[in-house]
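K.L.:
Numbering (our numbering) for the sequence shown: 11 to 479. The structure's right below; bear with me while I get my questions together.
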Amino acid sequence: MTATTLVPPPGAAPAPSGELKARLRRARRQHRDRSIGDLLTDLYMIAFLIAIYGWAGVDSVSGFLHRQVAAAPSDPGARYWIGAGAGVALAGFVWQGLTAVGPLQVGPAVQSWLASTPLSRRSLLAPRFVGLVLAGALGAALLGTAAAAIGRSGGYVWAGVAGLGWGTAFAAGAAAAQSWPGRRLRWPAVALAGVGGLVVLAVVLTHGLWGWAPGRPPVAVLPVVALAGLVPAVVLLVVAVRALPGIDRASLSTGARFASAASSAVLLLDPSMLAAVVENQRWRAVGRVRSGRFRGGPRWWVLLQADVRRVGRNRAALGWWAVLVLAVYAVQVALPSVAGGVQVVAAFLAADRFAGGLRGISRSAGLRRAVGGSDGALKLTHMLVPTLVAALFWLATIPTVGAGPLWLPFVLVAGVAASLYRSATRGAMAYGGAVAETPMGVIPVDMIRQVIRGPDLLAVMVAIHILVR
């Protein structure tokens, strides 16, 4: 491909963006041998599988939750408001994710040939913006309908309409926020997450202190929620369309590395590819920090001070620790029969946010050689902080879940720490291991073993907690 295939000769008027995009598509087709029929067949199969397995998943989750409710009855009003608060908080996290990765993105070819030219940015991004809005609206509508089906509360149509309106508002608002790269408009994420967390906290406190929770509102509230989302959707659509010309090339490529890392992590079954990018972005967001001297002592003491200082600079990890503690309390109120398993998984997730030093020292042989000492001593030193975090998490959640036998907390905390160690010290994926021939086909045993390293021991801890209690 040469520049003359896309760019008009000097002195000529710039070609419309639609014409240049058509030329770029024709140039791409020369390197592809898949027909339109093959593409439509693949899309049909994907939609068919999503519909079949999606409905089976919704039915299974609904049946499981209602069986748990029947086994250990709880206040339906508390369950409703905890679910509503969790949904609002989740919306805040979705907004934060959308604004962090783009959400409008272009590939390398469009960045090189089109985004760097004086074209109409609105006409260039209009197809991607339409696809983004449709994906956000339809995805939110499906989630709303699935939530209504799982809760068996009725009002499926209005739940879908509510998801359609608010999904459109979120997608359009995130695209509009992308035109202001200097300020990512994080206050909606903070506001939504804060409101949702306060709702859950209020229900947990009122139910735990006084045994009371607000009643469940009627299904007629769904039309109000659905209609309330129409005005923000229309307003933000207009704002986003007007903001498209202000989206520059730098903001269009912001989320490209996230998308590339996510696709590589899924295809190669290696989560470390995405985790490394997220970790790098997290530390870049910290900004400037003040340096300080370490207290003198042996190597392990200096490394431990560095790990503790890393925790103090990672404030998001402290916030997630508190959120996960609140999640265990909320599950104990809404679904007490599964609170024990959630406690184990939440302890692992909370401690994992503090295991950055362990992952860094385990995945870099050069860093271990530079620091000195044996590999085992270095890894065990960086296990102290995550283990302490898991123990503190357990102490914070014992009042709601209970301690059980005297030996159980010690075994479970040690199991969570061991699971975290296995997960953080997992090496690079190897794809040439053993496979097993079965009537269902070839099963890559060695690849599965590498993927579940860490979660396998965590599943054993969950089983022990459920059986003992």
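Glycine included, each C-beta is placed from N, C-alpha and C at the ideal position.
#1: From what residue to what residue does the beta strand (DSSP E) around Arg446 run?
#2: Quick check on Gly107: does DSSP put it in helix, strand or coil?
#3: Have a look at the DSSP bridge pairing and note the partners of Val452.
#4: Nearest-angstrom Cα distance between Leu202 and Met439?
#5: Restricting to Cα atoms, I'd like to know which of Leu246, Trp91, Ala275 is closest to Val209.
#6: One question on the structure: do Ala185 and Phe103 come within less than 8 angstroms of each other, judged by their Cβ atoms?
#7: Classify Arg373 as helix, strand or coil using the three-state DSSP reduction.
#8: Give a yes or no on whether the C-beta atoms belonging to Val421 and Tyr339 are separated by under 8 angstroms.
#9: Buried or exposed: Trp404, going by 16 or more other Cβ atoms within 10 Å of its Cβ?
#10: Leu144: buried (16+ other C-beta within 10 angstroms of its C-beta) or exposed?
#11: Looking at the secondary structure, which residues open and close the alpha helix (DSSP H) in which Phe403 lies?
#12: Taking the C-alpha atoms as reference points, what is the distance between Arg252 and Val245?
#13: Assign Val472 to one of three DSSP states: helix, strand, or coil.
#14: Report buried or exposed for Val478, applying the criterion of at least 16 other Cβ atoms within 10 angstroms of its Cβ.
#15: Can you look up Ala223 in the DSSP assignment and give me helix, strand or coil?
#16: Relative to the C-alpha of Gly95, which candidate in Gly204, Val381, Leu232, Pro465 has its C-alpha closest?
#17: Would you please state the rounded distance, in angstroms, between the beta carbons of Gly457 and Gly437? I believe it to be under 8 angstroms.
#18: Anyone know if the C-beta pair for Arg226 and Gly93 falls short of 8 angstroms?
#19: Enumerate in chain order the residues of its own chain whose CB-to-CB distance from Arg309 is below 6 angstroms, with the five nearest sequence positions on each side excluded.
#20: Do Val354 and Val341 count as a contact pair if the criterion is CB distance below 8 angstroms?
#21: Taking one C-beta from the region 58-65 and one from the region 160-180 each time, how about it: are there three or more such pairs within less than 8 angstroms?
#22: CB-CB under 6 angstroms to Gly154, same chain, minus the five flanking residues each way: which ones, in chain order?
#23: Just curious, the alpha helix (DSSP H) that Thr155 is in, first and last residue?
#24: Taking its Cβ as the centre, do 16 or more other Cβ atoms sit within 10 Å of Ile453, making it buried, or is it exposed?
#25: Could you check the C-alpha separation between Thr14 and Val116 for me, to the nearest Å?
#26: Leaving aside the five residues before and after Val235 along the sequence, list all residues of the same chain whose C-beta is less than 6 angstroms from its C-beta, in chain order.
#27: Could you check if Ser372 is buried or exposed, using at least 16 other CB atoms within 10 Å of its CB as the buried criterion?
#28: Decide yes or no for the touch test of the region 383-393 against the region 106-113: beta carbon pairs closer than 8 angstroms, at least 3 of them.
#29: Can you grab the Cα-Cα spacing for the pair Leu219 / Ala316, in whole Å?
#30: Just to confirm the assignment, what range does the alpha helix (DSSP H) spanning Arg432 have?
#31: Beta-carbon separation of Phe364 and Val399 under 8 angstroms?
#32: Report buried or exposed for Pro449, applying the criterion of at least 16 other Cβ atoms within 10 angstroms of its Cβ.
#33: Select from Gly67, Trp190, Asp466 the residue whose C-alpha is nearest the C-alpha of Asp258.
#34: Please state the DSSP three-state secondary structure of Leu467.
P.N.:
Checking against the coordinates, here is how it stands:
#1: The displayed chain sequence assigns Ala, not Arg, to residue 446. Start and end: 446-448.
#2: helix
#3: Glu447
#4: 38 angstroms
#5: Trp91
#6: no
#7: coil
#8: no
#9: buried
#10: exposed
#11: 394-411
#12: 11 angstroms
#13: helix
#14: exposed
#15: coil
#16: Gly204
#17: Checking the sequence, you will find Met at residue 457 rather than Gly. Not really, about 13 angstroms apart at Cβ, beyond 8 angstroms.
#18: no
#19: Gly383
#20: no
#21: no
#22: Ala169, Gly170, Ala172, Gly173
#23: 131-161
#24: exposed
#25: Only weak support exists for where Thr14 lies, its pLDDT of 45 falling under 50; the value from the coordinates is given anyway. Cα to Cα, Thr14 sits roughly 21 angstroms from Val116.
#26: Ala172
#27: buried
#28: no
#29: 40 angstroms
#30: 418-434
#31: yes
#32: exposed
#33: Trp190
#34: helix
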